[in-house]
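In this note's numbering, each number is its position in the first sequence, counted from 1, plus 5.
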Amino acid sequence: MPELPEVETIRVGLEPHVVGRTFSHVEIDDPRLTRPHDPMETAAELIGETVAALERRGKYLVVRFESGRVLLIHLRMTGSLLLLRNDAPDDPYRRAVINLDNGSDVGYRDVRRFGTWLLLEPGELEPYLASRVGDEVLDRRLSARALQATLERRRAPIKAVLLDQRMFAGVGNIYADEALWWARIHPLRQASTLDRAELQSLLRGVRKSLGHGIARQGATLRDYRGADGRVGSMQREFRVYGRAGEPCTRCGTPIEKTRAGGRGTWYCPGCQL
DNA sequence: CTTTTTCCCTGGACGC
DNA sequence: TGCGTCCAGGGAAAAA
Numbered sequence: 006m007p008e009l010p011e012v013e014t015i016r017v018g019l020e021p022h023v024v025g026r027t028f029s030h031v032e033i034d035d036p037r038l039t040r041p042h043d044p045m046e047t048a049a050e051l052i053g054e055t056v057a058a059l060e061r062r063g064k065y066l067v068v069r070f071e072s073g074r075v076l077l078i079h080l081r082m083t084g085s086l087l088l089l090r091n092d093a094p095d096d097p098y099r100r101a102v103i104n105l106d107n108g109s110d111v112g113y114r115d116v117r118r119f120g121t122w123l124l125l126e127p128g129e130l131e132p133y134l135a136s137r138v139g140d141e142v143l144d145r146r147l148s149a150r151a152l153q154a155t156l157e158r159r160r161a162p163i164k165a166v167l168l169d170q171r172m173f174a175g176v177g178n179i180y181a182d183e184a185l186w187w188a189r190i191h192p193l194r195q196a197s198t199l200d201r202a203e204l205q206s207l208l209r210g211v212r213k214s215l216g217h218g219i220a221r222q223g224a225t226l227r228d229y230r231g232a233d234g235r236v237g238s239m240q241r242e243f244r245v246y247g248r249a250g251e252p253c254t255r256c257g258t259p260i261e262k263t264r265a266g267g268r269g270t271w272y273c274p275g276c277q278l
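Shown next as structure tokens:
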């Protein structure tokens, strides 16, 4: 569910409530959440830690503690972090609760239980992320030139490559389709065949679609909520995702659905070449 | 090494 | 109403 814009929206919403706060109690109910570590043990280790910063890397939330340790959270498909009001009703999908020293609580909800919490010791974060997450696409550190060098050897469809987090950190299935539409590139084009101009346009498309997503507080298809419990509105502005049969807003051709990288993929056969 | 498939979970939508 | 099938925003691991 949550791709970069959704994770960033949660980060921004949570940040002012948790930075400077100490975890006074932590309860984890899902035995899979901290796999391969024992959830009881992780919960006990977290008590007493004080949050120094809340950051994001790709789709990961990075909770930095003053001790130098880090709680690395990945929401996967249906995870969400919610500020719990005093009158918050019971939730069968609430897998963990963090009590803060100012009396407020943060709940972790995850229907499908794919999400993970990993407690890292000082110095362990960078090596862990290095093999999984590439440079931040929005930071402009990624250039078309550097991209071309990497993509030259890849024969997979560009859509599949867009989902590779080592290349485009934070891009998921929805925003990949939207980015390709903005760039007017067909999702099944072999990555190695894209020329410099197309890669430049793809980078712009990726930044545009992610930027729109952030500005709209993410997209809510079913489960996604911001930290305040509110839904996003980006789903109302999709150009191709989930719109099979509807006319392209640019050229009027009906949107089609195919499969790439093992995921449903929507595109306009009229203007994506 | 790259690419594809399978799997981890649960629930909703749809066909019969 | 009930049952079976397929699909879903994620990525790790296994298989090819």
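Backbone N, C-alpha and C define an ideal beta-carbon position, used for all residues, glycine too. Remember, predicted model here, so these are calculated numbers, not experimental data.
- In the three-state reduction of the DSSP assignment, Gly25 falls in the coil class, being assigned neither a helical nor a strand state.
- The segment 58-67 and the segment 29-42 do not touch, with fewer than three beta-carbon pairs separated by less than 8 Å.
- Per the Cβ contact rule, the segment 229-242 is in contact with the segment 80-95 (3 or more Cβ pairs under 8 Å).
- By the criterion of a C-beta distance shorter than 7 Å, Asp140 is surrounded in its chain by Arg146, Leu147, Ala174, once the five residues flanking it on both sides are discounted.
- Per DSSP, the unbroken alpha helix (DSSP H) holding Val166 starts and ends at 163-167.
- Under DSSP, Tyr65 takes part in a beta bridge, and its partners are Arg62, His79.
- Sorting Ala48, Tyr272, Gly53, Arg16 by C-alpha distance to the C-alpha of Glu71 places Gly53 at the top.
- DSSP lists Glu141 as the bridge partner or partners of Ala174.
- Contact between Arg264 and Trp186 is ruled out by a C-beta separation of about 17 Å, above the 8 Å threshold.
- The Cβ-Cβ distance between Tyr180 and Leu51 does not fall below 9 Å.
- DSSP places Glu251 in the coil class of the three-state scheme, outside both helix and strand.
- Minimum Cα-Cα distance from Pro21 among the listed residues Leu207, Val111, Glu129, Arg117 corresponds to Val111.
- By the beta-carbon neighbour count (other beta carbons within 10 angstroms, threshold 16), Thr14 is buried.
- Where Leu156 is concerned, the enclosing alpha helix (DSSP H) starts and stops at 149-156.
- Pairing Val17 with Thr155, the inter-Cα distance amounts to about 32 Å.
- Per the Cβ contact rule, the segment 156-165 is not in contact with the segment 95-113 (fewer than 3 Cβ pairs under 8 Å).
- Taking C-beta atoms under 8 Å as the contact rule, Leu152 and Leu204 qualify, at a distance of about 5 Å.
- Non-local beta-carbon contacts of Val116 in its own chain, meaning distances under 7 Å to residues more than five positions away in sequence, involve Thr83, Tyr98, Asp228 in chain order.
- Exposure of Asp95 is indicated by the presence of fewer than 16 other C-beta atoms within 10 angstroms of its C-beta.
- Beta bridge pairing from DSSP links Glu32 with Val102.
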